[in-house]
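There are 2 protein chains.
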Amino acid sequence: MELDEKDRQLVKLLQEDCKKTTKEYADNLQLSKTAVYERIRRLERTGVITNYVALVDKEKVERDFTVLCHIKLVQHTKENVLRFEREILKLAEVSECFHVSGDYDYILKVSVKNMKNYREFMVTKLTAINNIGSTQSSFSIREVKNSPSVYI
Amino acid sequence: MELDEKDRQLVKLLQEDCKKTTKEYADNLQLSKTAVYERIRRLERTGVITNYVALVDKEKVERDFTVLCHIKLVQHTKENVLRFEREILKLAEVSECFHVSGDYDYILKVSVKNMKNYREFMVTKLTAINNIGSTQSSFSIREVKNSPSVYI
DNA sequence: AATAATTATAGATTTTTATTCTATTTTTGA
DNA sequence: TCAAAAATAGAATAAAAATCTATAATTATT
Chain A
1 MELDEKDRQL VKLLQEDCKK TTKEYADNLQ LSKTAVYERI RRLERTGVIT NYVALVDKEK
61 VERDFTVLCH IKLVQHTKEN VLRFEREILK LAEVSECFHV SGDYDYILKV SVKNMKNYRE
121 FMVTKLTAIN NIGSTQSSFS IREVKNSPSV YI
Chain B
1 MELDEKDRQL VKLLQEDCKK TTKEYADNLQ LSKTAVYERI RRLERTGVIT NYVALVDKEK
61 VERDFTVLCH IKLVQHTKEN VLRFEREILK LAEVSECFHV SGDYDYILKV SVKNMKNYRE
121 FMVTKLTAIN NIGSTQSSFS IREVKNSPSV YI
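Chains as they are written, first to last, in the UniProt record's numbering: chain A, 1 to 152; chain B, 1 to 152.
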């Protein structure tokens, strides 16, 4: 799907706030309500917009202890990798997990309440997964930026 | 603010999909429309829910080349740190930036189109920031999980 | 370049949902 | 135990989404 300038502006607005009225986006983009309505439907239909979600203040729900956990596997057989990834998907504390090149195999973003809970997570959940060679935890001292949006 | 079980379930639902009707959440939680409506307003008012956003398919908008970039600063004076963070905030390609403990000072999540664009980003934007000592780029081979939501 | 076909847009209408209101129930605290 | 406060349900109203019809703009075709 080709995005024109109006589409890009619209996606930008929807990534900032998806709960405005069609009329508000329309006024902002100098289009009619129907035009914006149809454009949004098209963005949804073609899969550019995948879903709409509420964002939560991690501090308010006591999950603002964030750790970037670097993991090396012992063995890199297909079965081991798939099992590892399947197990990671089950862990609610892990909001992001990337298989990466470089010094480590995986980088995880983990959000828990405090160090005690992180230790618990490590001991009872993470290292319970077979085939983990070593881990290196980088504790977040400060969140400079943390947004799910993508510039377009 | 204290969250009861209904609140937690509601936040979970809203983090998955914030565009359902009040009635749908009400049916799911076995509450009336008004009860759910008031609970949502309270979650917003107390700052548990910060905002509502559209999520975009990075592949569809050609920003699915993801890199976790580890940065060491040369000097850690207050001014240097603040200037570095101020400059990072300006870079649209950086969706996340954490000041961390451990081997590196900062970990960034960068989303661009391809390696060529990443190189451009590094050369013209990132290393243009003063005070960067060294960088280590971990290229995402596969996104196992990538969600902005928090378990509660 | 002219015209047909397609697509996008605007404005009006209808339908659905959010919001407000009032009464009732439940919970909390003295 | 009772009064006050908070939460809930259901009804009424207001607002927005969704649809429809007509028009304008764009694209493709000859």
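Even for Gly, the Cβ is constructed at its ideal location relative to N, Cα and C. Bear in mind the structure is a predicted one, so any value in this text is a computation, not a measurement.
Contact with chain B is found for PHE139 (chain A), since one of that chain's Cβ atoms lies less than 8 Å from the residue's Cβ. Exposure of LEU82 (chain B) is indicated by the presence of fewer than 16 other C-beta atoms within 10 angstroms of its C-beta. Separation of TYR106 (chain A) and ILE49 (chain B) (C-alpha to C-alpha, rounded to the nearest whole angstrom) is 30 Å. The Cβ of TYR52 (chain A) sits closer than 8 Å to at least one Cβ of chain B.
Against chain B, the beta carbon of HIS99 (chain A) has neighbours under 9 Å at SER140, ILE141, ARG142, GLU143, VAL144, listed in chain order. Fewer than three beta-carbon pairs drawn from the stretch 6-25 of chain B and the stretch 119-127 of chain B are found closer than 8 Å, and the two stretches are therefore not classed as touching. One thing to note: VAL67 (chain A) has its Cβ within 8 Å of the Cβ of PHE139 (chain A). Under DSSP, VAL123 (chain B) shares a beta bridge with no residue. Judged by DSSP in its simplified three-state form, LEU10 (chain A) adopts helix.
Think of a sphere of 7 Å around the beta carbon of VAL74 (chain A): no beta carbon from chain B falls inside it, the nearest being about 18 Å out.
Assigned with DSSP and collapsed to three states, LYS60 (chain B) falls in coil, not helix or strand. In the three-state DSSP reduction, ILE152 (chain A) falls in the coil class, being neither helix nor strand. As computed with DSSP, THR22 (chain B) is found in no beta bridge at all. As the crow flies, the alpha-carbon of ASN131 (chain A) is around 40 Å from that of LYS19 (chain B).
For THR34 (chain A), the enclosing alpha helix (DSSP H) covers residues 33-45. For the pair ILE141 (chain B) and ASP7 (chain B), the Cα-to-Cα distance works out to about 37 Å. Look at ILE88 (chain B) here: in three-state DSSP terms it is helix. Assignment of GLN136 (chain A) by DSSP, reduced to helix, strand and coil, places it in the strand class. Residues of chain A with a Cβ closer than 7 Å to the Cβ of ALA92 (chain B) are, in chain order, TYR151.
Of the residues A:MET115, A:SER134, A:ASP17, A:LEU89, the one whose Cα lies closest to the Cα of ASP103 (chain A) is A:SER134. Among the CB atoms of chain B, none fall inside 8 Å of the CB of VAL110 (chain A). Taking 8 Å as the upper bound for CB-CB distance, HIS99 (chain A) and VAL144 (chain B) are in contact here, some 6 Å apart. Contacts between LYS78 (chain A) and chain B, judged by CB atoms closer than 9 Å, are missing: the closest CB pair is about 13 Å apart. Neighbours of ILE107 (chain B) in chain A, taken as residues at a C-beta separation under 9 Å, are given in chain order as LEU68, ILE107, SER138, SER140.
The beta carbon of LEU91 (chain A) is closer than 7 Å to those of LYS125 in its chain, skipping five residues each way along the sequence.
Taking SER149 (chain B) as reference, the option from A:ARG119, A:ALA54, A:GLU59 with the minimal CA-CA separation is A:ALA54. Listed along the chain, the chain A residues whose CB falls inside 9 Å of the CB of GLU85 (chain B) are ARG142, VAL144, LYS145. Between the alpha carbons of ILE152 (chain B) and GLN15 (chain B) lies a distance of about 11 Å. DSSP, reduced to helix, strand and coil, places GLU2 (chain B) outside both helices and strands of the structure shown, so it counts as coil. Put simply, the CB of VAL61 (chain A) is near chain B, with a gap under 8 Å to one of its CB atoms. As the crow flies, the alpha-carbon of LEU13 (chain A) is around 31 Å from that of ASP27 (chain B).
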